[in-house]
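Residue numbers (the numbering used here): 130 to 372. All residues carry an ideal CB built from backbone N, CA and C; glycine is no exception. Predicted model, so just to flag it, every value in this text is computed and none were measured.
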Ligand SMILES: Cc1ncc(COP(=O)(O)O)c(C=O)c1O
């Protein structure tokens, strides 16, 4: 089959982008206003720094969300394909969750002690996933940090391995990329103020590169490979069948 190279007209693309951005600004004046007010007290006008990267010039501010939809401050209604990046994967505020959480609010929210619900959760996770013991973390970053420490402690190996342009939260060891030569590890360009150069702690290889992975693991100094089943933070990169 002959392959035809499709030439993208970059100037036309720029024009279309500018038109869409202008439309976005026109349709979201209240969100824009909220963003300007937020800048008085929130760094870059957002509660979490990655929210400033949203396309359209400023983030949408949410008024209300239920099920698979949310409405922004300008009363524009959206189908939500993000669903809190898994936190709301079963839909926003399902009634059964709202009922249970509302009841719990009357019994105290946080007390630095376990309650009996924790036992139910541990038993249920064990039943569902077959792993014998569970711990709770407040974020995926924390869970990854715990896991890496435990892996290094058990294996007595100093290094971890990640894939090029992975994202595993703000885990310091993971901010490593391959240099232009495709072999050497280097500190990721946007990694501000690293406590140590992560090339000391981490090996990095390209996802789907079995040979490079085998080479990196061969010396036996890697305590854990931190890996998603499919990479989800540089678009979606699926694993090849033999990977
Ligand atoms: C694969 C992966 N790991 C970890 C994280 C970070 O999660 P958290 O913000 O809960 O630390 C993300 C967030 O996008 C992620 O996609």
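Under the criterion of a Cβ to heavy atom distance below 6 Å, does residue 268 qualify as lining ligand 1? Locating residue 268 in the chain shown gives position 139, counting from the first residue. Indeed, a heavy atom of ligand 1 lies less than 6 Å from the Cβ.
What whole-angstrom Cβ distance do residue 181 and residue 174 have, given they're in contact under 8 Å? The sequence position of residue 181 within the chain shown is 52, counting from 1. The sequence position of residue 174 within the chain shown is 45, counting from 1. Right, their Cβ atoms sit about 7 Å apart.
How many Å lie between residue 205 and residue 163 at the Cα? Here residue 205 is taken as the residue at index 76 of the chain shown, counted from 1. Here residue 163 is taken as the residue at index 34 of the chain shown, counted from 1. Cα to Cα, residue 205 sits roughly 15 Å from residue 163.
Could you check which residue in 172, 177, 279 has the C-alpha nearest to that of residue 351? As a first step, residue 351 must be located in the chain shown, where it is residue number 222. The candidate whose alpha carbon is nearest that of residue 351 is 279.
Bridge partner(s) assigned by DSSP for residue 356: Residue 356 sits at position 227 when you count from the first residue of the chain shown. Its beta-bridge partners do not exist; DSSP assigns none.
Please name the residue or residues paired with residue 314 in a DSSP beta bridge. Position 185 of the chain shown, counted from the start, is the residue given in the question as residue 314. Per the DSSP secondary-structure output, residue 314 pairs in a beta bridge with 307.
Based on the DSSP secondary-structure assignment, which residues constitute the bridge partners of residue 134? Counting from 1 along the chain shown, the entry for residue 134 is found at position 5. Residue pairing by DSSP places residue 134 opposite no residue, since no beta bridge is assigned to it.
Quick check: does the Cβ of residue 294 come within less than 6 Å of any heavy atom belonging to ligand 1? On the chain shown, position 165 is the one that residue 294 refers to. For ligand 1, not one heavy atom lies less than 6 Å from the Cβ of residue 294.
Please look up how many angstroms separate the CB atoms of residue 306 and residue 294, rounded, as I've assumed it's under 8 Å. Here residue 306 refers to the residue found at position 177 of the chain shown. Here residue 294 refers to the residue found at position 165 of the chain shown. The C-beta distance from residue 306 to residue 294 rounds to 6 Å, short enough to meet the 8 Å contact threshold.
Tell me whether residue 327 is buried or exposed, calling it buried when 16 or more other Cβ atoms sit within 10 Å of its Cβ. Residue numbering aside, residue 327 sits at position 198 when the chain shown is read from its first letter. Burial call: buried.
Between the C-alpha atoms of residue 212 and residue 267, what's the straight-line distance to the nearest angstrom? Walking along the chain shown from the start, residue 212 turns up at place 83. Walking along the chain shown from the start, residue 267 turns up at place 138. Spanning the alpha carbons of residue 212 and residue 267 requires a straight line of approximately 18 Å.
Take the Cβ of residue 208 as the centre, count every other Cβ of all protein chains shown within 10 Å, and call the residue buried at 16 or more, exposed below. Taking the first residue of the chain shown as 1, we reach residue 208 at position 79. So residue 208 ends up on the exposed side.
Just to confirm, is the Cβ distance from residue 357 to residue 331 under 7 Å? Reading the chain shown from its first residue, position 228 is the one you call residue 357. Reading the chain shown from its first residue, position 202 is the one you call residue 331. Not a contact, by the Cβ cut-off of 7 Å.
Would you kindly work out how many angstroms separate the C-alpha atoms of residue 166 and residue 291, rounded to a whole number? For the purposes of this step, residue 166 is taken as residue 37 along the chain shown, with counting starting at 1. For the purposes of this step, residue 291 is taken as residue 162 along the chain shown, with counting starting at 1. Cα to Cα, the separation comes out at about 39 Å.
Hey, out of 236, 243, 237, 194, whose CA is closest to residue 219's CA? Taking the chain shown and counting its residues from 1, the one referred to as residue 219 is at position 90. Selected option, being the one with the closest Cα: 194.
Flag residue 357 as yes when its Cβ comes closer than 6 Å to any non-hydrogen atom of ligand 1, and as no otherwise. Along the chain shown, read from residue 1 onward, the residue named residue 357 stands at position 228. The beta carbon of residue 357 sits closer than 6 Å to at least one heavy atom of ligand 1.
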